[in-house]
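Undergrad: Take 1 as the starting number for the sequence shown in UniProt numbering and just add one per residue.
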Amino acid sequence: MRLETERLLLRPQRVEDATVLRELWTERDPRVPAHRRLDAQGRPTVADLEDAIRTDPAPVTTGLLAVELKVDGDVIGYCGLVDSGRGTTGEPELAFELLRRTWGNGYATEAVDAVIDWARSSGHQRLWATVWNWNTASRRVLAKLGFTETDRRETVPGHGTTLWTTKAL
């Protein structure tokens with residue numbers, strides 16, 4: 001599984017990508033719930049993330065892909081489709097996260113657009129994505145690519161409101 005855009009290569013994650021994934025964990029906004037941030041013991045560690053990559057099945061019609069810059073081979077985050085169990089059966093959730101130092105270059109839009117094409121070619125009829133109400137950059141990416149907010153919302157005291165978006169393919 002490989003997806004290519006003008007500037008990006010999206011490919012299965014490799015064990016050596018764990019350092020970038022760990023960096024993403026360190027950069028997360030403090031409003032993100034604790035289970036998605038480093039715990040008091042500093043977990044997940046790079047070793048924990050390496051183990052997770054080793055045990056994840058290779059992406060076929062769903063999975064998270066490393067986002068790599070073609071120009072220098074640097075991995076800058078992930079983007080892909082996951083079956084989180086929170087949506088409708090057979091409708092994967094779009095997930096993406098990029099390193100802060102790469103924000104503002106259009107990489108998220110480019111990566112998400114490639115994943116939308118992958119979902120369409122894999123036979124998916126609709127995608128959904130959740131986004132925090134305070135995450136304006138990700139909300140812009142989703143809106144730009146045709147995701148619309150639904151009436152479904154989940155408020156988590158102290159963290160904000162999760163908005164549910166969908167896109168028909």
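Ideal Cβ positions, reconstructed from N, Cα and C, are used throughout, including at glycine.
Because the structure is a prediction, the values reported are computed rather than measured.
1. Can you check which of these residues, Pro57, Thr102 and Val71, is closest to Gly77 by C-alpha distance?
2. What do you get for Asp56, buried or exposed, if any count of 16 or more other CB atoms within 10 angstroms of its CB means buried?
3. Taking C-alpha atoms, which residue in His159, Val71, Ala58 and Asp48 lies nearest to Pro33?
4. Within this structure, are the beta carbons of Met1 and Ala52 separated by less than 8 Å?
5. Which term fits Ser121, buried or exposed, when burial requires 16 or more other beta carbons within 10 angstroms of its beta carbon?
6. Look up Gly80 in the DSSP assignment and give the residues it is bridged to.
7. Is it true that the CB of Val115 sits closer than 8 Å to the CB of Gly63?
8. To the nearest angstrom, how far is the alpha carbon of Phe96 from that of Ala108?
9. My assumption, with CB atoms under 8 Å, is that Ala66 sits in contact with Gln13. Please give the rounded CB distance.
10. Helix, strand or coil: which one does DSSP assign to Trp132?
11. Taking the continuous beta strand (DSSP E) assigned at Trp103, which residues delimit it?
12. According to DSSP, which residues form a beta bridge with Trp164?
13. Between Pro157, Thr61, Glu154 and Val112, which lies nearest to Gly146 when the distance is taken from Cα to Cα?
14. So Thr136 and Leu163 are in contact, right, with Cβ under 8 Å, and what is the actual spacing, rounded?
15. Look at the alpha carbon of Val82 and the alpha carbon of Leu127, and state the distance between them as a whole number of angstroms.
16. Comparing C-alpha positions only, which one of Thr155, Ser138, Val156 and Glu16 sits nearest to Thr148?
TA: Based on what the coordinates show:
1. Checking every option, the nearest Cα to that of Gly77 belongs to Thr102.
2. Exposed, by the Cβ-count rule.
3. His159
4. In this structure, the beta-carbon distance from Met1 to Ala52 does not fall below 8 Å.
5. exposed
6. Leu64 and Ala95
7. Not in contact: Gly63 and Val115 (Cβ atoms no closer than 8 Å).
8. 7 Å
9. That pair is a contact at about 5 Å.
10. For Trp132, the secondary structure class from DSSP, reduced to helix, strand or coil, is strand.
11. Neither: Trp103 is in no beta strand (DSSP E) and is coded neither H nor E.
12. Paired residues: Thr130.
13. Val112
14. That belief does not hold up - the Cβ atoms of Thr136 and Leu163 are roughly 11 Å apart, past 8 Å.
15. 10 Å
16. Taking only the C-alpha atoms, the option nearest Thr148 is Ser138.
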